[in-house]
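>
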């Protein structure tokens, strides 16, 4: 049986959603009988986190090396690649988060193999395995065959379903990679949390984005209120970021973040192509714009031709009412 | 301070990209540009040179047309440039690209390697880290601030939701993110120099590689075919005045689409 | 025959296209709306050094050949005609005769600063009653001791209201008609020289255009820009072809800007369930526009090539100017049709290109005059 390693990224007591999605996919691989799956994680593990992970993986291996407490590309790569080599892993998976995309390329080279980054689909049972990934900002998708072994893959968040079956109860093992101190040459001096506990746009399931139609920075409150009501993340267009109404971190688009939420609500956004390329793979798109000819309507499932200054607060209120009703 | 910048020529972001009828090729409008993120890398290299002295050398792996991207680097102010000319390697996967580049870098003396965080055509974001690994160098990715002093760099890396301040001894590899700087527009004197400059070309054989390494059958990963993006059904406009439409929208999102 | 730009010219085109996209295009609307000299953009852009485009490297210029120059003129006009006209005035017409005939002192006071953008230059030919008919020039220059005394009023002067120095066309003898014409340098601050009415124009807004008044303006002898007296018309011939082809190049810049807007709209605007670019009549418009633009560019760059090779180019320059500017007017017309009602909104760009294009029909020579002139050359006397 082929071994699959899933790198699990964690934040405090929570596994990252991108990792959980891969664990769901990996569980299907394990259930097929053709693969054995191990979740691999580094750093601190609270009982809460352990409980969550053991309900999502048939085996969890935690590396306890103190050097892995903080992220370093070389440390993480060395530990993961070392374990993949030791176990003869066939497949090494991670979420295509900032961290995943940063160190998995080093893992691939350490294992003498290539990788497929940021996949949105996979045919695990094909020979060779094939994957689908976006290119040219999503204008085109490529089907990639990975004949080399092992196969190293990062998967775009929200590409795979969160459908872990009941009853998974994993085995837990602790290991040490060893000899990491010499391998690590970067040192984290400090980490500045710029957005508190907000879900990052690239992983957000629910996004409410605003454009120049908001007319002024302070009007973004309407976007924030609606986002808060649905538990979503605020996004912005390039023109809004250039006008300094919002931070670069909020920018959705070609030179900003690519998002793939379940729901994207866009208000006061005309739909310039560079923005479209950052959100076009969103599952459900609802847009509000007073211009019936706004390009963005062509990229939406639902549209309201109206004044966002009336529609957004009305939606926020309605959601509040529905929540109260339960 | 010797600063190397890895530069890729990519299709212009506005160029038309269509899938050929065979599905195995792309028809791309022949408009090219220097990769957006590589511009940030180049600009940063120039700023480091302005502050600390030294030389900036731009290196690209590409076909013969990639010379234009290197000329642009010279126009912006790079001292030297070099093209590793090989279509097969240039069109190959991240592994082959990084392999060729790292072989070239092995012959160079440098303190810093700057690269864009990803190329906007392939969107892989793999090559700089792979190059670092091939060369046994540390890297810091997605850099939005770079400060050099005493043979080490203190950088700000913008991982999602947080900014990490990381220290690393040189030599090291850094990938540039938007927000690192504002790339300069070339002066006419730079343009004139770039128009006349002879840019040396290197073949992969000069790097100890053979062409067949990059042949599809030998590659670690390869593109089998291209697929169009999934089409969304035509938009459903929700009628009614503001409050009515808002209420209906919420109903659809909660009860029909079940997304909230 | 090699119709391609050289690798150097291709590279230059890439850089200037990109530079215009980054620096000029984002400001084009504002320049048109405010209709004021865009000082901020001027300072930013002139730092790059392009104002020295046509002058020798020894004095800080680029020594660009006519073909390269046309590439520049096309791109800068594509960005903003309002800005382009001011820039081009400094690059060529407003400084040429100073470069050609000015003393070293004059060059240091006027030409070199103009090449850096520190001074704004202009050329004054047109008067209220004389445009095509230069022989009807009524601005006079009368020798008085070792000074020239200039009297008259010039109209439609690009950069006029803000110019630091002007090359003024004046006659030494009204009875000689065109044969009495000369160029004189007049600098800001000279008593009697003042800007008059500023014109409120349909298009090319941002280029401040106006009246210049010369009331007993006295300038020293060396301010006669010419090796000999009364050779003004002959000297004008040195840049006439370039000015004409340049107008054609600017026309292509405007046409390209409009065409690109049309393209985007045809691809994205949905009618009857499909982008309108799917319909034959819309496709036909693009076929026609592209064909005529290609033909225009061939005329422009071939005329420029002849100028570069010092081959005769008088008639080719007139052909290029005429054809390209007429094409531009057709392109902006078609694009506004493609845009439909949206072309009527000042919020979008096609209306600006439509307005800007009109000046091309007479700037650089009216077509009525050009056709007469060309016909005469072709048929013979």
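Protein chains in written order, with the numbering used here: chain A, 1 to 326; chain B, 1001 to 1260; chain C, 2001 to 2381. Beta carbons are placed, not taken as given, at the ideal position from N, Cα and C, and that holds for glycine.
Distance cutoff 8 Å, beta carbons only. Does residue 160 of chain A sit that close to anything in chain B?
Looking up residue 160 of chain A in the first chain gives position 160. With a threshold of 8 Å between beta carbons, residue 160 of chain A makes no contact with chain B.
> Judging by CA-CA distance, which residue of B/1097, B/1232, B/1127 is the nearest neighbour of residue 101 of chain A?
In the first chain, residue 101 of chain A corresponds to position 101, counting from 1. Here the closest residue by C-alpha is B/1127.
> Is the separation between the beta-carbon of residue 157 of chain A and that of residue 203 of chain A shorter than 8 Å?
For the purposes of this step, residue 157 of chain A is identified with residue 157 of the first chain, where counting begins at 1. For the purposes of this step, residue 203 of chain A is identified with residue 203 of the first chain, where counting begins at 1. The answer is yes: Cβ separation under 8 Å.
> At a Cβ cut of 8 Å, what residues of the stretch 288-302 of chain A count as close to chain C, listed as they run along the chain?
293, 295, 298
> Looking at the secondary structure, which residues open and close the beta strand (DSSP E) in which residue 1139 of chain B lies?
Sequence index remark: in the second chain, residue 1139 of chain B carries index 139 (1-based). That run of the beta strand (DSSP E) goes 1139-1149.
> Along the chain, which unbroken stretches of the beta strand (DSSP E) at least 3 residues long are found entirely within the stretch 96-152 of chain A?
Annotation: the stretch 96-152 of chain A contains the following complete segments of the beta strand (DSSP E) (minimum length 3 residues), in chain order: 115-119, 121-123, 129-135, 140-146.
> If you draw a straight line from the C-alpha of residue 45 of chain A to the C-alpha of residue 53 of chain A, how long is it?
Numbered from its first residue, the first chain carries residue 45 of chain A at position 45. Numbered from its first residue, the first chain carries residue 53 of chain A at position 53. Their backbone Cα atoms lie some 10 Å apart in a straight line.
> Suppose you measure from the CA of residue 312 of chain A to the CA of residue 1137 of chain B; what does that come to, to the nearest Å?
As a working note, residue 312 of chain A is residue 312 in the first chain. As a working note, residue 1137 of chain B is residue 137 in the second chain. The straight-line gap from Cα to Cα measures roughly 51 Å.
> Could you confirm whether any beta carbon from chain A is found closer than 8 Å to the beta carbon of residue 2342 of chain C?
Residue 2342 of chain C sits at position 342 when you count from the first residue of the third chain. Chain A contact via Cβ: present.
> Determine, for residue 1083 of chain B, whether the minimum Cβ-Cβ distance to residues of chain C falls below 8 Å.
Mapped onto the second chain, residue 1083 of chain B falls at position 83. No, residue 1083 of chain B does not count as interfacial toward chain C.
> Within this structure, are the beta carbons of residue 2009 of chain C and residue 2067 of chain C separated by less than 8 Å?
Here residue 2009 of chain C refers to the residue found at position 9 when the third chain is read from its first residue. Here residue 2067 of chain C refers to the residue found at position 67 when the third chain is read from its first residue. Contact: yes.
> Taking residue 2148 of chain C as part of the beta strand (DSSP E), name the residues at either end of that continuous run.
For the purposes of this step, residue 2148 of chain C is taken as residue 148 along the third chain, with counting starting at 1. Its beta strand (DSSP E) spans residues 2147-2158.
> Name the two residues that bound the continuous alpha helix (DSSP H) containing residue 2067 of chain C.
Within the third chain, numbered from 1, the residue matching residue 2067 of chain C stands at position 67. From DSSP, the alpha helix (DSSP H) with residue 2067 of chain C extends over 2066-2079.
> Excluding five sequence neighbours on each side, which residues of the same chain lie with their C-beta closer than 6 Å to the C-beta of residue 1080 of chain B?
Along the second chain, one-based indexing puts residue 1080 of chain B at 80. The answer, listed in chain order, is 1057.
> Taking a cut of 8 Å between CB atoms, which residues from the stretch 1139-1160 of chain B lie near chain A?
1139, 1140, 1141, 1142, 1154, 1158, 1159, 1160
> May I ask which residues mark the beginning and end of the beta strand (DSSP E) holding residue 206 of chain A?
In the first chain, counting from the first residue as 1, residue 206 of chain A sits at position 206. Its beta strand (DSSP E) spans residues 206-210.
> Under 8 Å: do the stretch 1030-1038 of chain B and the stretch 1192-1200 of chain B share three or more Cβ pairs, one atom per stretch?
At 8 Å Cβ cutoff, the stretches do not touch.
> Please identify, using Cβ separations under 8 Å, the residues of the stretch 2251-2277 of chain C that lie next to chain A, in order along the chain.
2268, 2269, 2270
> Between residue 2304 of chain C and the rest of its own chain, which residues show a CB-CB distance below 7 Å, the 5 nearest in sequence each way excluded?
For the purposes of this step, residue 2304 of chain C is identified with residue 304 of the third chain, where counting begins at 1. The beta carbon of residue 2304 of chain C lies closer than 7 Å to those of 2066, 2067, 2070, 2245 in the same chain, with the five residues before and after it left out.
> Alpha carbon to alpha carbon, how far is residue 276 of chain A from residue 260 of chain A?
In the first chain, counting from the first residue as 1, residue 276 of chain A sits at position 276. In the first chain, counting from the first residue as 1, residue 260 of chain A sits at position 260. Computed Cα separation, rounded: 12 Å.
> Tell me the residue span of the alpha helix (DSSP H) that contains residue 1130 of chain B.
Translated into positions along the second chain, residue 1130 of chain B becomes position 130. Where residue 1130 of chain B is concerned, the enclosing alpha helix (DSSP H) stretches over 1127-1135.
> Between which two residues does the alpha helix (DSSP H) carrying residue 251 of chain A extend?
Position 251 of the first chain, counted from the start, is the residue given in the question as residue 251 of chain A. Per DSSP, residue 251 of chain A belongs to no alpha helix (DSSP H) and is neither H nor E.
> I believe residue 79 of chain A touches residue 92 of chain A by the beta-carbon criterion, under 8 Å. Please report the beta-carbon distance rounded to the nearest angstrom.
Here residue 79 of chain A refers to the residue found at position 79 of the first chain. Here residue 92 of chain A refers to the residue found at position 92 of the first chain. In this structure, residue 79 of chain A and residue 92 of chain A do not form a Cβ contact; the two beta carbons are roughly 12 Å apart against a cut-off of 8 Å.
> Roughly how far, in whole angstroms, is the beta-carbon of residue 2145 of chain C from the beta-carbon of residue 2355 of chain C, given that I think they are within contact range, below 8 Å?
Against the third chain, residue 2145 of chain C aligns to sequence position 145. Against the third chain, residue 2355 of chain C aligns to sequence position 355. Actually they do not touch by this definition, with Cβ atoms about 48 Å apart.
> Please report the distance separating the alpha-carbon of residue 87 of chain A from that of residue 1083 of chain B.
The residue labelled residue 87 of chain A in the question sits at position 87 within the first chain. The residue labelled residue 1083 of chain B in the question sits at position 83 within the second chain. Distance between the alpha carbons of residue 87 of chain A and residue 1083 of chain B is about 40 Å.
> For residue 2096 of chain C, which three-state DSSP category applies?
Against the third chain, residue 2096 of chain C aligns to sequence position 96. In the structure shown, residue 2096 of chain C sits in a helix (DSSP, three-state: H, G or I).
> Indicate whether residue 165 of chain A and residue 27 of chain A have their beta-carbon atoms separated by less than 8 Å.
Position 165 of the first chain, counted from the start, is the residue given in the question as residue 165 of chain A. Position 27 of the first chain, counted from the start, is the residue given in the question as residue 27 of chain A. Taking 8 Å as the Cβ cut-off, residue 165 of chain A and residue 27 of chain A qualify as a contacting pair.
> Looking at the secondary structure, which residues open and close the alpha helix (DSSP H) in which residue 44 of chain A lies?
Position 44 of the first chain holds residue 44 of chain A. Here residue 44 of chain A belongs to no alpha helix (DSSP H), and DSSP marks it neither H nor E.
> Taking only beta carbons into account, state which residues of the stretch 1011-1028 of chain B come closer than 7 Å to chain A, listed in chain order.
Answer set for the stretch 1011-1028 of chain B: 1013, 1017, 1019, 1026.
> Chain C partners of residue 1188 of chain B, CB-CB under 8 Å?
Residue 1188 of chain B sits at position 188 when you count from the first residue of the second chain. Those are 2048, 2049, 2050, 2052, 2053, 2062, listed as they occur along chain C.
> Go through its chain and collect everything with a Cβ distance to residue 1042 of chain B's Cβ below 8 Å, but skip five positions before and after it.
For the purposes of this step, residue 1042 of chain B is taken as residue 42 along the second chain, with counting starting at 1. Answer for residue 1042 of chain B: 1005, 1007, 1034, 1056, 1058, 1073, 1076, 1078, 1114, 1183, listed in chain order.
> For the candidate residues C/2259, C/2019, C/2239, C/2124, whose alpha-carbon lies nearest to that of residue 2349 of chain C?
Along the third chain, read from residue 1 onward, the residue named residue 2349 of chain C stands at position 349. It is C/2259 whose Cα lies nearest to the Cα of residue 2349 of chain C.
> Quick one: is residue 1133 of chain B near chain A, going by C-beta distance under 8 Å?
The count along the second chain starts at 1 and reaches residue 1133 of chain B at position 133. It does; some Cβ of chain A falls within 8 Å.
> At which residue ranges does the stretch 1208-1250 of chain B contain complete beta strand (DSSP E) runs of 3 or more residues, listed in the order of the chain?
1222-1227
> List, in chain order, every chain B residue whose beta-carbon is nearer than 7 Å to that of residue 2022 of chain C.
Start at 1 with the first residue of the third chain, and residue 2022 of chain C comes out as number 22. By Cβ distance, chain B contributes 1185.
> I want to know whether the stretch 1249-1257 of chain B touches the stretch 2283-2296 of chain C - three or more CB-CB distances under 8 Å.
no
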